[in-house]
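Take a look at the structure set out below.
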Amino acid sequence: MNLLVTNDDGIYSPGLAALASAARRFGTVRVVAPDVEQSSMGHAITHSRPLSVRSTPSVPFDAHRVNGTPADCVALGCHMWREVDVVLSGVNLGLNLGTSAWHSGTLAAAKQAALLGVRGIAFSTSTSDDSEPDFAALAPHLDRALEFVLEQPKLGLVNINIPRDPVGMRWTWQSIRHYDGRVVPIKDPRGRPLYWSTVVPLEAAEEGTDRWAIEHDLVSITPLRLDLTDHAALAEVMQHHPLT
Ligand code: MN
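Position in the sequence shown (first residue = 1) + 110 = the working numbering.
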């Protein structure tokens with residue numbers, strides 16, 4: 111199996127090394143990742159300038175860095191290495207739960223794989239301001255989740271979140287009841303207004319969702335799809351307001 115590994119934290123992230131190490135057990139690993147952090151870039155692609163791919167021997171894999179977004183890395187990686195069976199993205203330094211799926215570069219890389227007809231699996235873990243995740247402690251959980259999902263070939267696009275000390279795994283769905291994004295106004299040194307985009311803590315999530323699983327120290331595995339169509343609404347309007 112050929113596994114393309116990428117992320118949105120940049121090619122030198124310890125999370126990427128942890129994922130590439132876990133992937134090695136399942137086949138041939140190649141890393142194609144952004145040269146600098148691209149978190150919260152979502153599914154942006156670069157179309158206004160050319161992209162470069164540079165071999166990166168200081169990363170102990172067949173590693174290449176790209177001056178672009180996570181989605182660019184997957185498009186380029188699949189273009190240059192035509193036999194990609196699965197794209198793994200992460201492990202992101204920070205959870206990607208609920209509505210963050212709309213902003214996440216980590217998930218966008220997996221989505222780009224799915225758009226190209228390749229399986230895409232995103233991995234994220236919790237982190238704090240003053241310490242990196244303990245990837246040695248997470249390794250067996252990462253291994254288990256990766257093996258479990260790779261064995262389900264019908265899952266073309268999957269979002270996996272791993273809490274700090276997992277006690278099990280759960281199938282979950284995306285928690286979208288509340289949006290955690292918020293704009294916070296501040297001032298620059300001359301008193302002019304500036305703004306921070308940030309997130310706010312949310313109250314307890316509904317049972318069975320990705321956020322609920324993490325709140326219960328469970329690895330959350332969410333199958334996703336590319337189709338954004340609201341099929342229930344579509345059926346309703348087609349029945350009651352047909353367009354001819
Ligand atoms: Mn990130």
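Ideal Cβ positions, reconstructed from N, Cα and C, are used throughout, including at glycine.
{"Query": "Arg134 - containing beta strand (DSSP E), residue span", "Result": "Where Arg134 is concerned, there is no enclosing beta strand (DSSP E), given that its DSSP letter is neither H nor E."}
{"Query": "Pro160 - DSSP class collapsed to helix/strand/coil", "Result": "coil"}
{"Query": "Cβ distance (whole Å) where Arg292 is taken to contact Val268 below 8 Å", "Result": "That pair is no contact at about 28 Å."}
{"Query": "Which of helix, strand or coil DSSP assigns to His341", "Result": "helix"}
{"Query": "The alpha helix (DSSP H) enclosing Leu336, as first and last residue numbers", "Result": "Neither: Leu336 is in no alpha helix (DSSP H) and is coded neither H nor E."}
{"Query": "Any chain C beta carbon closer than 8 Å to Asn177", "Result": "Among the protein chains of the structure shown there is no chain C, as only one such chain exists."}
{"Query": "Contained beta strand (DSSP E) runs [length at least 3] in the segment 215-303, N- to C-terminal order", "Result": "229-235, 267-272, 278-281 and 291-297"}
{"Query": "4 or more residues per run - each alpha helix (DSSP H) lying fully within the segment 137-198", "Result": "180-190"}
{"Query": "Whether Gly137 touches Asn112 by CB criterion (8 Å)", "Result": "yes"}
{"Query": "Any non-hydrogen atom of the ligand MN within 7 Å of Leu205 CB", "Result": "no"}
{"Query": "Sequence-distant residues of its chain with Cβ nearer than 6 Å to Leu312 (five each side left out)", "Result": "His288 and Asp290"}
{"Query": "Per-residue burial, Gly230 [other beta carbons within 10 Å of its own, 16 or more giving buried]", "Result": "buried"}
{"Query": "Segment contact flag, the segment 157-177 with the segment 206-213, C-beta cutoff 8 Å, min 3 pairs", "Result": "no"}
{"Query": "Beta-carbon proximity check, Gly125 vs Val184, cutoff 8 Å", "Result": "no"}
{"Query": "Residue closest to Pro263, alpha-carbon to alpha-carbon, out of His213, Ala224, Gly178 and Ile296", "Result": "Ala224"}
{"Query": "Check: Asn202 C-beta below 7 Å from any heavy atom of the ligand MN", "Result": "yes"}
{"Query": "Closer than 7 Å: Ser307 CB and nearest the ligand MN heavy atom", "Result": "no"}
{"Query": "Assigned exposure category for Ile324 - 16 Cβ within 10 Å defines buried", "Result": "buried"}
{"Query": "DSSP three-state assignment for Gly208, whether helix, strand or coil", "Result": "helix"}
{"Query": "Neighbourhood of His251 by C-beta, 8 Å cutoff - its chain only, sequence neighbours within 5 removed", "Result": "Ile272, Pro276 and Val329"}
{"Query": "Neighbour-count burial assignment, Ala211, 16 or more Cβ in a 10 Å radius", "Result": "buried"}
{"Query": "Cutoff 6 Å; reference Asp253; Cβ partners in own chain excluding five residues on either side", "Result": "Ala132"}
{"Query": "The ligand MN heavy atom lying under 7 Å from the CB of Gly137", "Result": "no"}
{"Query": "Cβ-heavy atom distance, Asp118 to the ligand MN, below 7 Å", "Result": "yes"}
{"Query": "For Gly200, the three-state DSSP class (helix, strand or coil)", "Result": "strand"}
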